[in-house]
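In what follows, a single structure is set out as structure tokens and then discussed.
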Amino acid sequence: MLSASVLLTIAVSLLSVVSLLFLAQGARGTDWMTLWMDETWRDSLGITLYVVLASTCMSLLIGTWLARTVSFRQWPFVSRVLRLPMFVPHIAAAYLFLILFSGQSGGGWFDANEPHYVTVILTYVWKEVPFVFLMMGVTYEQVNQGYRDMARTLQLSPVQQFRHAELPFLIKPLLDTFWILTAFISFAYEVPSLLGVTYPKLLGVLAYDRLSTGLYLESSEPYAVALVWTVFVTGGVVVSYMATHRLRRRIERGVRR
Amino acid sequence: MIRQFFIVCLVLFPFIGLFRASPDFQASSQETMLQTIGLIFVLALVNVWLAFTLAWWLMWTESRLKPWVEWLVFLPLFIPLLASLFGMYLVFAEVGLIGSRIGVGLALLMATLPYSIRLAYNGMYVIGRPMLEQSLGLPPFKRILYVLIPLFSGSIRTIILFTTVILLSQFALVQLIGAGLVSTVTTDFYQTYAGNDRSRALTNTWMLILLPLILYIGLGGLSTWFVRRLKGRLS
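This is how it looks when you write it as structure tokens:
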């Protein structure tokens, strides 16, 4: 029974890899030069990188700071409230921000659908901060308080205390969370299609629109873009994990040389 | 105190939008709602079962394949969902699963299972091998009922919450794999979000938020009742 369930789980996970092989097959016949020269795709790539970096970095910074503060100061009520956005599906969160910033309610600073994608970034930050908080909160619960006490005894500055007694333990969860958020936000449809603009669209929206619109049904371009973006993200994952491999192993063994 | 108040206000601020118009709960289709609840139920059950059996296997196995299996099951977390969905669309088109409920369910399982495995795996490592080793002497059914369910009720609740929220967030997945023939509340609601009927859109937003919340609170109550009954039987 156990082996059958394990095999089934592995089969479902393998489906993900198989789907990438089919994606590569679907991308065959793409004129890569024409794709790269296409201004629509290039503008889309630029705005996607900006939205992904802004949303992910802000979520990581705010979420980590909150996990640290809530853990050290023992704020159980804040901890409970912070989990509330996790109950809201992304599409509903996008609509909450749409009505918050549409018309006069935006405070006159920006409108819901504007080309700088501020509301998209805000929606993602609001939705992803609790996820980062959850991931980092577990780490802060497990970190040995003795390291911080020692750093304080040695009279290190608060920044140095964080650098030596906390940051080494945060590297792995930070990397994990960074890439999970990047993969999730970078090629999504629901939030940017509701809160975005018609030009430039985010990569996921443009690719999905082209795939599902009759005009482009025979085109291999959406598959090619999806494939390139997947290779880019997984390449980033592999490189960043290889670059930090020795450091992470040393921390896992609890030995600092 | 002021800092706590400020953080709480920032988190709650976007919910103000919910009270801008009065929701009309007659507007949604009951059939689609029942279909979605059924999908949530099946998907949550499969997720919990598969995630915990794999986490259990990873905890005890001495197999040399362990690092490869770990790598394989966590890899989908780092692959953009919509991108792998494009590939899956081609796979499912080959085997005739486009436009079917099985196809949509399988695609949703692929989207949710990596998160569930991660949560189950973390939960098991927090409890640790020494504690779980004591349950190995029990037969499987008693081990699940008396040890694993009470110990991991928190993780099970979180997995069900994640599965529900991810399922309710998917418009593109259901639309692409379901080819318009399979619908969930999200695909129905999306039309109102893109339109101008604010009252209907707000009602739908309420529904999308209340569904996971009620499920989470209900599961919490069920878990407390179950542990109390168990304590009564054991004492």
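Protein chains in written order, with the working numbering: chain A, 921 to 1177; chain B, 53 to 287.
A virtual CB, placed ideally from N, CA and C, is assigned to each residue, including glycine.
{"Query": "Buried versus exposed, by CB contacts within 10 Å (16 or more), B/Gln227", "Result": "buried"}
{"Query": "8 Å contact criterion, which B/Thr216 and B/Leu70 should meet: CB distance rounded", "Result": "Going by Cβ atoms, the distance from B/Thr216 to B/Leu70 rounds to 19 Å, so no, they are not a contact pair."}
{"Query": "Local Cβ density within 10 Å of A/Leu1115, reported as buried at 16 or more and exposed below that", "Result": "buried"}
{"Query": "Whole runs of the alpha helix (DSSP H) within the segment 1049-1099 of chain A, excluding any shorter than 4 residues", "Result": "1065-1073 and 1078-1085"}
{"Query": "Test: B/Val100 CB closer than 7 Å to a CB of chain A", "Result": "no"}
{"Query": "C-alpha gap between B/Leu219 and A/Pro1078, whole angstroms", "Result": "42 Å"}
{"Query": "Same chain, Cβ closer than 6 Å to A/Trp956, neighbours up to 5 away in sequence not counted", "Result": "none"}
{"Query": "DSSP state of A/Val1175 mapped onto helix, strand, coil", "Result": "Below a pLDDT of 50, predicted positions are generally treated as unreliable, and A/Val1175, at 49, falls in that range; no measurement from the model is reported."}
{"Query": "Chain A residues whose Cβ lies nearer than 8 Å to that of B/Gln56", "Result": "Trp995, Phe997 and Val998"}
{"Query": "Residue from B/Ser152, B/Pro202, B/Ala159 and B/Gly189 whose Cα sits closest to the Cα of B/Glu175", "Result": "Reading the sequence as shown, one finds Gly at residue 175 of chain B and not Glu. Nearest of B/Ser152, B/Pro202, B/Ala159 and B/Gly189 to B/Gly175, Cα basis: B/Pro202."}
{"Query": "As assigned by DSSP and simplified to three states, the class of B/Ile201", "Result": "helix"}
{"Query": "Cβ neighbour criterion (16 or more within 10 Å) applied to A/His1010", "Result": "buried"}
{"Query": "Distance, B/Val147 Cα to A/Gly946 Cα", "Result": "16 Å"}
{"Query": "Proximity to B/Thr293 [Cα-Cα], best of A/Leu965, A/Leu1016, A/Leu973 and A/Asp1031", "Result": "As displayed, chain B neither begins before 53 nor continues past 287, which places residue 293 of chain B out of reach and without an answer."}
{"Query": "Within chain A, the residues that B/Arg195 reaches when beta carbons sit closer than 8 Å", "Result": "Those do not exist, as B/Arg195 stays about 12 Å from chain A at its closest Cβ, beyond 8 Å."}
{"Query": "B/Ile179 beta carbon less than 7 Å from that of B/Val100", "Result": "no"}
{"Query": "Local Cβ density within 10 Å of B/Pro128, reported as buried at 16 or more and exposed below that", "Result": "buried"}
{"Query": "C-alpha distance - B/Leu110 paired with B/Ala172, whole-angstrom precision", "Result": "11 Å"}
{"Query": "Given A/Ala1108 as reference, the closest of A/Phe1089, A/Asp1129 and A/Pro1088 once Cα atoms are compared", "Result": "A/Asp1129"}
{"Query": "Separation of B/Leu117 from B/Leu197, as counted between CA atoms", "Result": "29 Å"}
{"Query": "Short Cβ contact (7 Å threshold) for A/Pro1093 with A/Asp963", "Result": "no"}
{"Query": "Proximal residues of chain B, C-beta to C-beta of A/Pro1120 below 9 Å", "Result": "Those do not exist, as A/Pro1120 stays about 17 Å from chain B at its closest Cβ, beyond 9 Å."}
{"Query": "Buried versus exposed call for B/Glu83 [16 or more other C-beta atoms within 10 Å across all chains shown]", "Result": "exposed"}
{"Query": "Chain A contact for B/Val199 (CB, 7 Å cutoff)", "Result": "no"}
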